[in-house]
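In what follows, a structure is listed as structure tokens, so that the remarks can point back to it.
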Amino acid sequence: RLTSLYDALTKRYKLGHKSLAVLLDPDNLDETSCQRILELSTQHTVDYFFVGGSLVMSSHQAALIRLLKSQSAVPVLLFPSHSLHLDAQADGILLLSLISGRNPEFLIGQHVLAAPLLRQSNLQVLPTGYMLVDTGRQTTASYMSGTTPLPYDKPTIAACTAMAGELLGLRLIYLDGGSGALYPVSSAMVQAVRQAVELPLIVGGGINTVDKAHAALSAGADVIVVGNHIEKEPGFLEHVSQVVQSFNNVDVA
Ligand code: 1GP
6 RLTSLYDALT KRYKLGHKSL AVLLDPDNLD ETSCQRILEL STQHTVDYFF VGGSLVMSSH
66 QAALIRLLKS QSAVPVLLFP SHSLHLDAQA DGILLLSLIS GRNPEFLIGQ HVLAAPLLRQ
126 SNLQVLPTGY MLVDTGRQTT ASYMSGTTPL PYDKPTIAAC TAMAGELLGL RLIYLDGGSG
186 ALYPVSSAMV QAVRQAVELP LIVGGGINTV DKAHAALSAG ADVIVVGNHI EKEPGFLEHV
246 SQVVQSFNNV DVA
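All letters in the sequence shown, in the order written, are residues 6 to 258 by full-length UniProt numbering.
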């Protein structure tokens, strides 16, 4: 089913309008940082909260989503690593198919378990081709999914993978260096994927300076995701939000 969140995202992509997603990992976030992030998100543009992590304890996640929904109008999207991580309090879900890997469990298995629950819920579903990229050290996501990430310096493989995802009907591509990556996905890879598909492109992992944010957006990311660095230093939210807004000269109705 197409959804209003997806329609809005596509509209922004077609207008070249860039977005910021702040990833909150329920297991890493302390309450003080969370309150500070919420406060900053009322002063500086945040387009999405992504909630998830590779080792989520669901009680923490439920409490976090409840807090976000009670204090903020920013849409909350689940960024699940497992079908156990569904939560109907969120607005939507990035339904990730891990197309960089060859583990059927994360290509389709978890989705089969989740499908009836998703149908019963009001969660907006955003079918997403999820691509993990090798960025210098094994990330939790790569280890937990039992998959080999895309080689860092092979943009063509990334482009063909994204193309296959688009042909299979996925609606978004998420290129991820993994949480706390030593360095982000290369500009060459972001550009190659951007040129290969006509889908909104999300890029995250290791974006911890304004220069890295700028590089990802310049290379063609439509949405950048920042997790760790905002969790550690909430003040970075202001700086990265300003970088995103500097790209947005077109008004979106
Ligand atoms: C990880 O893309 C996200 O899945 C965000 O990564 O925590 O390194 O910002 P960071």
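Here a beta-carbon is modelled for each residue, glycine too, at the ideal position from N, C-alpha and C. This one's a predicted model, so the numbers in the text were calculated from it and none came from an experiment.
Euclidean distance between Cα positions of Arg6 and Val130: Note on Arg6: pLDDT 48, under 50, position unreliable in the model; no value is reported.
May I ask which residues mark the beginning and end of the alpha helix (DSSP H) holding Ala164? Its alpha helix (DSSP H) spans residues 160-172.
Could you check the C-alpha separation between Asp158 and Ser75 for me, to the nearest Å? Rounded to whole angstroms, the gap between the alpha carbons of Asp158 and Ser75 is 43 Å.
Looking at the unbroken beta strand (DSSP E) that takes in Gln129, where does it start and where does it end? 129-137 is the extent of the beta strand (DSSP E) around Gln129.
Contact between the segment 28-38 and the segment 226-243: three or more CB pairs below 8 Å? The segment 28-38 vs the segment 226-243: in contact.
Using the DSSP secondary-structure output, state which residues sit across from Gly97 in a beta bridge. Within the DSSP bridge table, the entry for Gly97 names Leu82, Gln129 as partners.
Straight-line gap, Gly240 to Leu45 (C-alpha atoms, nearest Å): One C-alpha to the other measures close to 8 Å.
Would you check if the segment 180-189 and the segment 204-219 touch, i.e. whether three or more CB-CB distances between them fall below 8 Å? Contact holds: three or more Cβ-Cβ distances are below 8 Å.
Identity of the residue in Leu137, Asp12, Ser126 nearest Arg107 by Cα: Among Leu137, Asp12, Ser126, the Cα nearest to that of Arg107 is on Leu137.
Beta-carbon contacts of Val51 that lie in its chain and below 6 Å, excluding the five residues immediately before and after: Excluding residues within five positions, the ones whose Cβ falls inside 6 Å are Leu25, Val27, Val79.
Shorter than 7 Å, the distance from the beta carbon of Val228 to the closest heavy atom of ligand 1, or not? Not under cutoff, so the answer is no.
The alpha helix (DSSP H) enclosing Asp216, as first and last residue numbers: Asp216 -> alpha helix (DSSP H) spans 215-224.
Would you say Val190 reaches chain B, if we count a Cβ-Cβ gap shorter than 8 Å as a contact? The question asks about chain B, but that chain is absent: this structure has only one protein chain.
Comparing the CB of Leu131 with every heavy atom of ligand 1, is any distance shorter than 7 Å? Checking the Cβ of Leu131 against ligand 1 gives no.
Flag Gly234 as yes when its Cβ comes closer than 7 Å to any non-hydrogen atom of ligand 1, and as no otherwise. Per the sequence shown, the amino acid found at residue 234 is His instead of Gly. Yes, the beta carbon of His234 sits closer than 7 Å to at least one heavy atom of ligand 1.
For Ile162, which option in Ser184, Ala193, Arg142 has the closest C-alpha, if you only look at C-alpha atoms? Of the residues Ser184, Ala193, Arg142, the one whose Cα lies closest to the Cα of Ile162 is Ala193.
Below 8 Å on the Cβ atoms is my guess for Gly209 versus Ile229; work out the distance and round it to an integer in Å. Yes, they are in contact, since the Cβ atoms of Gly209 and Ile229 sit about 7 Å apart, within 8 Å.
Can you tell which of Leu60, Asp96, His87 has its C-alpha closest to the C-alpha of Phe54? Considering only Leu60, Asp96, His87, the residue with the shortest C-alpha distance to Phe54 is Asp96.
By the 10 Å Cβ neighbour count, where 16 or more other Cβ atoms means buried, how is Asp12 classified, buried or exposed? By the neighbour-count rule (16 or more Cβ atoms within 10 Å), Asp12 is not buried but exposed.
Can you tell me the Cβ-Cβ gap for Leu91 and Leu83, rounded? I've got them flagged as a contact below 8 Å. Separation of the CB atoms of Leu91 and Leu83 is rounded to 7 Å, and the pair is thereby assigned contact status at 8 Å.
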